[in-house]
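**Student:** Take this structure first; my questions come after.
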Amino acid sequence: MADITHWADVIADEVLAKGKKHLVATGITPSGHIHIGNMREVVTADVAYRALIDKGAEAEFIYIADTYDPLRKVYPFLDESYAEHVGKPLSEIPCPCGEHKNYSEHFLEPFLAALEHLGIHPKVYRADELYKEGAYVEAIKQALLKKDEIAAILQKRSGKTPVDTWNPFNPICNECGKVNTTIVTGFDIDAETVDYECSCGSNDTVPMKGGGKLTWRVDWPARWKALGVTVEPFGKDHASRGGSYDTGVEIAKEIFGYEAPHPIVYEWIMLGQKGAMSSSTGVVVSISDMLKVVPPEVLRYLIIRTKPEKHIRFDPALPLLTLVDEFERLHSSDKATDYDKRMIELSHAAGLCHTDIPFKHMTTIYQVAAGDLDKILNIVKRAGYDVSNEKCIRELTDNVGNWLEMYAPDNAKFSVQEELPVSTSQLTDLQRVFLSNFSAILDKSGELNGEDYHNLVYSAKEAGTELNTNIAAALEVAPESLEVNPKELFKAVYVSVLGQPSGPKAGWFLSSLEKDFLAQRFKEAAEYRP
714 MADITHWADV
724 IADEVLAKGK
734 KHLVATGITP
744 SGHIHIGNMR
754 EVVTADVAYR
764 ALIDKGAEAE
774 FIYIADTYDP
784 LRKVYPFLDE
794 SYAEHVGKPL
804 SEIPCPCGEH
814 KNYSEHFLEP
824 FLAALEHLGI
834 HPKVYRADEL
844 YKEGAYVEAI
854 KQALLKKDEI
864 AAILQKRSGK
874 TPVDTWNPFN
884 PICNECGKVN
894 TTIVTGFDID
904 AETVDYECSC
914 GSNDTVPMKG
924 GGKLTWRVDW
934 PARWKALGVT
944 VEPFGKDHAS
954 RGGSYDTGVE
964 IAKEIFGYEA
974 PHPIVYEWIM
984 LGQKGAMSSS
994 TGVVVSISDM
1004 LKVVPPEVLR
1014 YLIIRTKPEK
1024 HIRFDPALPL
1034 LTLVDEFERL
1044 HSSDKATDYD
1054 KRMIELSHAA
1064 GLCHTDIPFK
1074 HMTTIYQVAA
1084 GDLDKILNIV
1094 KRAGYDVSNE
1104 KCIRELTDNV
1114 GNWLEMYAPD
1124 NAKFSVQEEL
1134 PVSTSQLTDL
1144 QRVFLSNFSA
1154 ILDKSGELNG
1164 EDYHNLVYSA
1174 KEAGTELNTN
1184 IAAALEVAPE
1194 SLEVNPKELF
1204 KAVYVSVLGQ
1214 PSGPKAGWFL
1224 SSLEKDFLAQ
1234 RFKEAAEYRP
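Anchor point for the sequence shown: position 214 equals 927 in the numbering used here, and the numbering is continuous, going up by one each time.
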């Protein structure tokens, strides 16, 4: 069977066929919470960049925050006071919490901090700063002079005819501050100014340097030329026939004399059964929140394991534990294929530490210890795990605690009852005899691990074992006629300790508790009569 090449390396080979020097770009409009769905673009760009570097390319990686885009509407997470700011550039609107420089920084700063945790380190550009520094002035001049040619391209490619007042440049009104209510009435190439009329009644002139912005379909190819972009991932909405990449390719070539970057088209990340994540609809799980819950490498792995053109379904509840388990198995496997090893390599985020404690096991340990770190360390040590790096264990403990609080379904939560649950009064005679004999065996045994506990419970149904023989004798039945259903025995264990008929994986659960405590609790449960 032929070796499988990871999609990032396939993309790198395609890009390198066009030349050795490349600039990988990614960008997001910080109009709302930057979420896991947005992360696909940034991680895809980072992985393509890493693959290029690994293959000897002269590569750079940049991130452009579209901070000069207008606020489109009052989103569900905003109060009505933002109605007056609709249409203004995000960088010119007040911060929702009052602690950041402006609206865009309110959402951008936590996202950039999250990128650091994910091991992603692009050079960051803010669109408002680029416009105000004059990075787009030459592109604005070209666009204004070739307005009709651009309009013809847009009509030919998208099938839509621009209105008579359409212009590739949108001035920002000096009076109302809005960028989507103005009409260009003239311009002076030498003076680098643009005249406009605004629906608010203002007539004025703005400089090309920071006085407005190009419309999106012109801004994007202008950015490619201004910054030298050669590789860029983008969502499937931009990739449709007649979409912004389609028109951008021709505008870049015919208007700006630039070859469009190599495209990496990606599908959406779907949030459970709620559909595609979107800041504007509120269907989001923020990256910051997810980094409170799982290690950064797992979030990278979520993106890296799936080809960009395939959608990803993400659920932060129980399915997240499955994802973590999958990553942990792959990371620790000594039978990993070269493809698996490449996925782990690309998932790596520098500066992270690892423990050998499975995330799912820690969800049990954490709840048994009620979140007490000292108790957690004792349980971890007793279970035979490495406790030399307390910092790593603390990070894992924090992740698990946050997951239990933020996303865990009720059936994944439990608490060890300090007193014998009254529900033990409903135990059957078989369950009571089992608990009594289970307690006696624990009293005289040494420390048991999870597998030991699991096997011990199951031994109750195996003729000739100590537990089976003793249960049969106590019930005064012949061992060969004794019928034991392990599910009923495990139910007795959970009822005795948790006060509920089910719980976490029994072996892990029991080995997380003190053996003497279990022996005493099972003895009490076996003897309890209300």
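Idealized CB from N, CA, C, for every residue including glycine. Note that the structure is a prediction, hence the values are computed from the model and not measured.
Helix, strand or coil for S1128, going by three-state DSSP, please let me know.
**Tutor:** Along the sequence shown, one-based indexing puts residue 1128 at 415. Three-state result, S1128: coil.
**Student:** Using 8 Å for Cβ pairs, my map puts P884 next to I863. What's the rounded Cβ distance?
**Tutor:** Residue numbering aside, residue 884 sits at position 171 when the sequence shown is read from its first letter. Residue numbering aside, residue 863 sits at position 150 when the sequence shown is read from its first letter. The pair is not a contact, with the Cβ atoms about 17 Å apart (cut-off 8 Å).
**Student:** Ends of the alpha helix (DSSP H) at H1167?
**Tutor:** Translated into the one-based positions of the sequence shown, residue 1167 becomes position 454. 1163–1171 is the span of the alpha helix (DSSP H), which, as asked, contains H1167.
**Student:** Do A840 and T928 have their C-beta atoms closer together than 8 Å?
**Tutor:** Locating residue 840 in the sequence shown gives position 127, counting from the first residue. Locating residue 928 in the sequence shown gives position 215, counting from the first residue. Taking 8 Å as the Cβ cut-off, A840 and T928 do not qualify as a contacting pair.
**Student:** Would you mind working out which of Y1120, K1204, A1173, V799 sits nearest L984, comparing C-alpha positions?
**Tutor:** Walking along the sequence shown from the start, residue 984 turns up at place 271. The option with the nearest alpha carbon to L984 is Y1120.
**Student:** Taking the beta carbon of V876 as the centre, do at least 16 other beta carbons fall within 10 Å, making it buried, or is it exposed?
**Tutor:** Here residue 876 refers to the residue found at position 163 when the sequence shown is read from its first residue. Exposed.
**Student:** Which residues in the same chain have their Cβ closer than 8 Å to the Cβ of L1117, if we skip the five residues on either side of it in sequence?
**Tutor:** As a working mapping, residue 1117 is identified with position 404 in the sequence shown. Hits under 8 Å: T1076, Y1079, Q1080, A1125, K1126.
**Student:** Over the uninterrupted beta strand (DSSP E) stretch that includes A1238, give me the two end residues.
**Tutor:** As a position in the sequence shown, residue 1238 is number 525, starting the count at 1. A1238 -> not in any beta strand (DSSP E); alpha helix (DSSP H) instead, spanning 1228–1240.
**Student:** Where does N1115 fall in DSSP's three states?
**Tutor:** Mapped onto the sequence shown, residue 1115 falls at position 402. Looking at N1115 - three-state DSSP - the assignment turns out to be helix.
**Student:** How should A1083 be labelled, buried or exposed, when 16 other C-beta atoms within 10 angstroms of its C-beta is the threshold for buried?
**Tutor:** Locating residue 1083 in the sequence shown gives position 370, counting from the first residue. A1083 sits exposed, since fewer than 16 C-beta atoms from the chains shown fall within 10 Å of its C-beta.
**Student:** Classify F1230 as buried or exposed, calling it buried when 16 or more other Cβ atoms lie within 10 Å of its own Cβ.
**Tutor:** Mapped onto the sequence shown, residue 1230 falls at position 517. The residue is exposed, with fewer than 16 neighbouring Cβ atoms inside 10 Å.
**Student:** State the DSSP-derived secondary structure class of T1068, mapped to helix, strand or coil.
**Tutor:** For the purposes of this step, residue 1068 is taken as residue 355 along the sequence shown, with counting starting at 1. In this structure, T1068 counts as coil in the three-state DSSP scheme.
**Student:** So, using beta-carbon positions, are N1181 and S1172 closer together than 8 Å?
**Tutor:** Locating residue 1181 in the sequence shown gives position 468, where the first residue counts as 1. Locating residue 1172 in the sequence shown gives position 459, where the first residue counts as 1. Taking 8 Å as the Cβ cut-off, N1181 and S1172 qualify as a contacting pair.
**Student:** Scan the stretch 766–837 and note each continuous alpha helix (DSSP H) run of 4 residues or more that stays entirely inside, going in chain order.
**Tutor:** 816–830
**Student:** For K734, does the three-state DSSP call read helix, strand or coil?
**Tutor:** Here residue 734 corresponds to residue number 21 of the sequence shown, with the count starting at 1. Three-state result, K734: strand.
**Student:** Could you round the C-beta distance between R684 and E1160 to whole angstroms and report it? I think they count as a contact, below 8 Å.
**Tutor:** Not covered by the structure: residue 684. The range shown for the chain is 714 to 1243.
**Student:** Whole alpha helix (DSSP H) runs in the stretch 1164–1224 with 4 or more residues, listed along the chain?
**Tutor:** 1179–1188, 1199–1211, 1219–1224
**Student:** Scan the stretch 937–989 and note each continuous alpha helix (DSSP H) run of 4 residues or more that stays entirely inside, going in chain order.
**Tutor:** Counting only runs of 4 or more, we get 949–952, 957–967.
**Student:** Have a look at H798 and C889 and give me their C-alpha separation to the nearest angstrom.
**Tutor:** Here the question's residue 798 lines up with position 85 in the sequence shown. Here the question's residue 889 lines up with position 176 in the sequence shown. H798 and C889: Cα-Cα distance of roughly 9 Å.
**Student:** Where does D908 fall in DSSP's three states?
**Tutor:** Here residue 908 is taken as the residue at index 195 of the sequence shown, counted from 1. Strand.
**Student:** Specify, as a first and last residue, the run of the alpha helix (DSSP H) that L729 falls within.
**Tutor:** Here residue 729 refers to the residue found at position 16 when the sequence shown is read from its first residue. Counting along the chain, L729 sits inside the alpha helix (DSSP H) bounded by residues 720–729.
**Student:** Measuring only the C-alpha atoms, how far is C911 from G1114?
**Tutor:** Position 198 of the sequence shown holds residue 911. Position 401 of the sequence shown holds residue 1114. Their backbone Cα atoms lie some 53 Å apart in a straight line.
**Student:** State whether the stretch 773–788 contacts the stretch 856–873, with contact taken as three or more CB pairs (one from each stretch) at a distance under 8 Å.
**Tutor:** no
**Student:** So, helix, strand or coil for A715, using DSSP?
**Tutor:** Looking up residue 715 in the sequence shown gives position 2. Because A715 carries a pLDDT of 48, less than 50, the predicted location of this residue cannot be relied on, and the following value inherits that uncertainty. It is coil, neither helix nor strand.
**Student:** Assuming the contact rule is C-beta atoms closer than 8 Å, P1122 and L1031 should be a hit. Round their C-beta distance to whole Å, please.
**Tutor:** Along the sequence shown, one-based indexing puts residue 1122 at 409. Along the sequence shown, one-based indexing puts residue 1031 at 318. The pair is a contact, with the Cβ atoms about 6 Å apart (cut-off 8 Å).
**Student:** State the beta-bridge partners of D901 as determined by DSSP.
**Tutor:** By 1-based counting over the sequence shown, the position of residue 901 is 188. DSSP output for D901 lists T906 as bridge partner(s).
**Student:** Looking only at its chain, what residues have a beta carbon closer than 6 Å to the beta carbon of F1040, apart from the 5 residues adjacent to it on each side?
**Tutor:** The residue labelled residue 1040 in the question sits at position 327 within the sequence shown. If we look at F1040 and ignore the five residues flanking it on each side, its Cβ neighbours are V1011, Y1014.
**Student:** Within 10 angstroms of the Cβ of K687, are there 16 or more other Cβ atoms? Answer buried if so, exposed if not.
**Tutor:** Since the first and last residues shown for the chain are 714 and 1243, residue 687 lies out of range.
**Student:** Between the Cα of H735 and those of V944, H834, F790, M752, spot the shortest distance and give me the residue it belongs to.
**Tutor:** The residue given as residue 735 occupies position 22 in the sequence shown. If we check each option's Cα against that of H735, V944 comes out closest.
**Student:** DSSP on D1047, reduced to helix/strand/coil?
**Tutor:** To locate residue 1047, count along the sequence shown from 1; it is residue 334. D1047: coil per DSSP, three-state reduction.
**Student:** Just confirm the distance between the C-beta atoms of P1021 and T718, as a whole number of angstroms; I'd bet it's less than 8 Å.
**Tutor:** Translated into the one-based positions of the sequence shown, residue 1021 becomes position 308. Translated into the one-based positions of the sequence shown, residue 718 becomes position 5. The Cβ separation is near 14 Å, so there is no contact.
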